[in-house]
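Numbering of the sequence shown is given in the working numbering, commencing with residue 512 and proceeding in unit increments.
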Amino acid sequence: ANPSGKVFSRDELELLAVFAKKHDLFVFTDEIYEHFLYGECRHIPPATLPGMKERTITISGLSKTFSITGWRIGYCICDARWTTEIGFFSDLVYVCAPAPLQSGVAKGLRELGADYYRGFSMIYREKRDKICDALARANLPPNIPDGAYYVLADISQLPGKNSKERAMYLLQETGVACVPGEAFYHDDAGENLARFCYAKEDNVLDEACRRIERLGG
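This is the structure we're talking about:
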């Protein structure tokens, strides 16, 4: 999940399924980070749980998996009853589908095997460990993520009255940009947090880590 890197367990998803069925609710799930998993974590689509296929609308895309964020290619999986209405909505959002780019993505889906997905998970795990180590050495304790490519860190020791001021201090002192935690919360729970993204080339990430570490003296 963005920004926490949380990966829901089967037990947690089963609780969600029980609640959804009890109250006759839909579950909308964005699974764009499904292949970004570290350690023993596994991605479990809610639609695969008993009784959830008909009440789950799954949305996702290839922007993260194939590193093609500018292509804006995604998809939706749901019960056939809802496809027409969802199609009407999509027509209002997207003027036309990028057909040539869709062909390229389709080839990637057909030809890239499990080794591709395992390989980039290993690459991103190394990046995760690198930035988490740097944050820890800078006395900005990270919450180690199990998935995605973001990490939330405690920036309460930096000067500033809130996460926005602290993030600006970090930018001015190091040149490293982060997202203030308050951007992800409706209350003040994010005031001591900031989100860092480690989906960067190694040379860029290494330099960012060096700059962050200088805060630790």
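Built from N, CA and C at the ideal position, the CB exists for glycine as well.
Could you give the first and the last residue of the continuous beta strand (DSSP E) run that contains cysteine 587? Unbroken beta strand (DSSP E) run through cysteine 587: 585–588.
Less than 8 Å between the beta carbons of tyrosine 513 and tyrosine 661, yes or no? Here residue 513 is asparagine; the residue named in the question, tyrosine, does not match the sequence. Judged by beta-carbon spacing, tyrosine 661 lies within the 8 Å limit of asparagine 513, meaning their Cβ atoms are closer than that value.
Would you report the Cα separation of isoleucine 597 and aspartate 590, rounded to the nearest angstrom? Going by C-alpha positions, isoleucine 597 is about 11 Å away from aspartate 590.
When Glu718, Asp713 and Ser515 are compared against glutamate 637, the one with the closest alpha-carbon: With distances taken between Cα atoms, glutamate 637 lies closest to Asp713.
Thinking just about the alpha-carbon of each residue, which of Leu704, Trp582, Glu542 and Glu551 is nearest to the one in alanine 694? Out of Leu704, Trp582, Glu542 and Glu551, Leu704 has the C-alpha closest to the C-alpha of alanine 694.
Should the stretch 574–594 be regarded as contacting the stretch 548–555, the criterion being three or more beta carbon pairs within less than 8 Å? With a cut-off of 8 Å, the stretch 548–555 and the stretch 574–594 do not count as touching, because too few Cβ pairs lie within range.
How would you label serine 578, buried or exposed, when you count the other beta carbons within 10 angstroms and need 16 or more for buried? Burial call: exposed.
By Cβ distance below 7 Å, which residues in the same chain neighbour glycine 550 in space, the five residues on each side in sequence not counted? Short of 7 Å from the beta carbon of glycine 550, and not among the five residues preceding or following it, lie these beta carbons of its own chain, in chain order: Asp657.
Proline 580 vs valine 538 beta-carbon contact at 8 Å: Per the sequence shown, residue 580 should be read as threonine rather than proline. Contact flag unset, no.
Cysteine 708, enclosing beta strand (DSSP E) - first and last residue: Per DSSP, the unbroken beta strand (DSSP E) holding cysteine 708 starts and ends at 704–708.
Can you grab the Cα-Cα spacing for the pair arginine 706 / glycine 572, in whole Å? Distance from the CA atom of arginine 706 to the CA atom of glycine 572, rounded to whole angstroms, is 22 Å.
Under the three-state reduction of DSSP, which class applies to valine 690: helix, strand or coil? In the structure shown, valine 690 sits in a strand (DSSP, three-state: E or B).
From Leu681, Asn673 and Leu524, residue whose alpha carbon lies closest to that of aspartate 699: Ranking the options by Cα distance to aspartate 699, first place goes to Asn673.
Exposed or buried, which one is isoleucine 634 when buried takes at least 16 other CB atoms within 10 Å? By the 10 Å Cβ count, isoleucine 634 comes out exposed.
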